[in-house]
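>
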Amino acid sequence: MKVVVLALATLPYVTGVRDFNAEAKVIVDKMSIDKLIGQMTQVNIGYVFTDQNENKVVNSSQVADLVKHNIGSYLNSAFATSTLDNSSGWNVTEWRSVISQIQTKHFTETGHPIIYGVDSVHGATYVQNAVLFPHQIN
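Going by mature numbering (1 follows the signal peptide of the UniProt record, and there is no 0), the letters in the sequence shown line up with residues -16 to -1, 1 to 122, in that order.
Printed below as a string of structure tokens:
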């Protein structure tokens, strides 16, 4: 029994499992107060869109402005308050493109990824052809 416990205790070192808490602490310890505040700031993603030929596109200068302020996360959807082009959501490829554009700019400039959040409690309502779940009645 002792051999099994000892073997399991050393497993993270043998398999190369990383200590993400320690890595995160090193990153956070290097941040200034301004960067920490920026990382805790969540911005509505609608701020970075521009209308172009009746479509919503990512405005790279708006994203660059938010990068300067070390913004850590984006929330919501371009479809949260209304439809765009008679659509209530993008397909997965379009979503990936939008988030990748924002993520790339942030990561290139700061070395830190962003967090993106959208309300999907009852299904991915802002993604075309995704599963939707009903609200409880009672």
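No residue lacks a Cβ here, since even glycine has one placed at the ideal position from N, Cα and C.
Quick caveat: nothing in here was measured; it's all calculated off a predicted structure.
Quick one: grab the DSSP three-state call for ASP103.
By one-based count along the sequence shown, residue 103 stands at place 119. Note: ASP103 maps to coil in three-state DSSP.
> Considering just the uninterrupted stretch of the alpha helix (DSSP H) at PHE91, what are its terminal residues?
Reading the sequence shown from its first residue, position 107 is the one you call residue 91. Unbroken alpha helix (DSSP H) run through PHE91: 76 to 94.
> Going by alpha carbons, who is nearest to ARG80 out of GLN26, TYR110, VAL12?
Within the sequence shown, residue 80 is the residue found at index 96, counting from 1. Measuring from the Cα of ARG80, the nearest candidate turns out to be TYR110.
> Does the beta-carbon distance from VAL82 to VAL42 come in below 8 angstroms?
Position 98 of the sequence shown holds residue 82. Position 58 of the sequence shown holds residue 42. A Cβ-Cβ contact shorter than 8 angstroms links VAL82 with VAL42.
> Would you kindly work out how many angstroms separate the C-alpha atoms of VAL1 and PHE91, rounded to a whole number?
Along the sequence shown, read from residue 1 onward, the residue named residue 1 stands at position 17. Along the sequence shown, read from residue 1 onward, the residue named residue 91 stands at position 107. Taking the straight line joining both Cα atoms gives about 24 angstroms.
> When you compare the CB positions of VAL51 and LYS19, do they come within less than 8 angstroms of one another, or not?
What you label residue 51 is simply residue 67 of the sequence shown in a count that begins at 1. What you label residue 19 is simply residue 35 of the sequence shown in a count that begins at 1. It is not a contact, given that the beta carbons lie outside the stated cut-off.
> For GLY101, does the count of other Cβ atoms within 10 angstroms reach 16, so buried, or fall short, so exposed?
The sequence position of residue 101 within the sequence shown is 117, counting from 1. The residue in question, GLY101, is exposed, as its Cβ has fewer than 16 Cβ neighbours within 10 Å.
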